[in-house]
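Structure first, then comments.
Residue numbers (the working numbering): 5 to 202.
Here it is, written out as structure tokens:
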């Protein structure tokens with residue numbers, strides 16, 4: 005029996021996959037209690053942040069109005085060393101990350117809520133052009149804002165149905181980006197401002 009467990013352990017160790025993270029996301033919109041419980045908050049639903057975790061659970065809130073206001077901050081400290089150049093440092097910046105939720109139980113069996121939060125964002129700004137200016141902008145910003153209109157209907161005292169619509173707005177701004185012609189490898193243009201929203 006012991007030998008088979010060792011064989012299984014070796015097999016599972018050999019077939020395990022690596023997982024890599026991408027981007028930078030701050031989950032402060034879920035509330036301190038939810039983060040502290042490691043995501044086990046779904047069954048509690050006792051404050052306005054429940055609309056993110058359990059939309060049907062907002063029907064069980066005790067008071068008529070529930071508010072949630074959260075804030076976090078990113079303090080950027082970015083260094084970059086271009087190929088063949090020396091270390092370049094971006095300005096240290098303070099980027100606020102707000103979040104808000106409101107739940108109204110004013111209707112009999114219907115509960116409505118709205119949430120607004122910023123789960124992703126970052127940025128940086130350099131004083132001078134990079135040693136290797138091609139592909140390295142002077143300034144960049146990226147963020148996503150999410151709006152979460154929510155409704156829940158209490159069918160019976162023990163059964164509720166809830167749904168949320170997740171509306172996402174993403175913005176990416178780049179300033180001072182150098183573009184090159186791939187055929188001739190010559191500088192075509194230096195972009196003053198590029199803004200992409202969606």
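We put the CB at the ideal spot given by N, CA and C, even for glycine.
Could you tell me whether the stretch 58–67 touches the stretch 79–91, using the rule of 3 or more Cβ pairs below 8 Å?
no
Should residue 25 be labelled buried (16 or more other beta-carbon atoms within 10 Å of its own) or exposed?
Working through the chain shown from its first residue, we reach residue 25 at position 21. Only weak support is given to the placement of residue 25: the predicted model assigns it a pLDDT of 48, under 50, and the question is left unresolved by the model.
Could you please give me the residues that DSSP links to residue 126 through a beta bridge?
In the chain shown, the residue the question calls residue 126 occupies position 122. 146.
Does DSSP put residue 68 in a helix, a strand or coil?
Along the chain shown, one-based indexing puts residue 68 at 64. In this structure, residue 68 counts as coil in the three-state DSSP scheme.
Counterpart residues of residue 153 in DSSP-defined beta bridges
Your numbering for residue 153 matches position 149 in the chain shown. Beta-bridge pairing links residue 153 to 118.
Output the distance between the C-alpha atoms of residue 100 and residue 159, rounded to the nearest integer angstrom.
For the purposes of this step, residue 100 is identified with residue 96 of the chain shown, where counting begins at 1. For the purposes of this step, residue 159 is identified with residue 155 of the chain shown, where counting begins at 1. Straight-line Cα distance between these residues: approximately 40 Å.
Quick one, which of 153, 190 and 113 has its alpha-carbon nearest residue 2's?
Since the first residue of the chain shown is 5 and the last is 202, residue 2 is not available in this structure.
Taking the alpha helix (DSSP H) that residue 90 falls in, what are its first and last residues?
Numbered from 1 along the chain shown, position 86 holds the residue referred to as residue 90. Where residue 90 is concerned, there is no enclosing alpha helix (DSSP H), given that its DSSP letter is neither H nor E.
DSSP-derived helix/strand/coil call for residue 170:
Counted from its first residue, the chain shown places residue 170 at position 166. Residue 170 falls in the coil class under three-state DSSP.
So what does DSSP say about residue 55, is it helix, strand or coil?
Here residue 55 refers to the residue found at position 51 of the chain shown. The answer is helix: DSSP assigns residue 55 an H, G or I state.
Quick one, which of 174, 35, 179 and 156 has its alpha-carbon nearest residue 59's?
Working through the chain shown from its first residue, we reach residue 59 at position 55. Answer by Cα proximity: 156.
Range of the contiguous alpha helix (DSSP H) that encloses residue 107:
Taking the chain shown and counting its residues from 1, the one referred to as residue 107 is at position 103. Residue 107 -> not in any alpha helix (DSSP H); beta strand (DSSP E) instead, spanning 97–108.
Name the residue from 150, 118 and 10 whose alpha carbon lies nearest to the alpha carbon of residue 175.
Numbered from its first residue, the chain shown carries residue 175 at position 171. When each option's Cα is compared against that of residue 175, the closest is 150.
Do you know how far the Cα of residue 148 is from the Cα of residue 122?
Looking up residue 122 in the chain shown gives position 118. Looking up residue 148 in the chain shown gives position 144. In a straight line, the C-alpha of residue 122 is about 6 Å away from that of residue 148.
What's the call for residue 96, buried or exposed, on a 16-neighbour Cβ count within 10 Å?
Taking the chain shown and counting its residues from 1, one reaches residue 96 at position 92. So residue 96 ends up on the exposed side.
Residue 51 versus residue 77 - alpha carbon distance:
Here residue 51 refers to the residue found at position 47 of the chain shown. Here residue 77 refers to the residue found at position 73 of the chain shown. Each residue's alpha carbon lies about 23 Å from the other.
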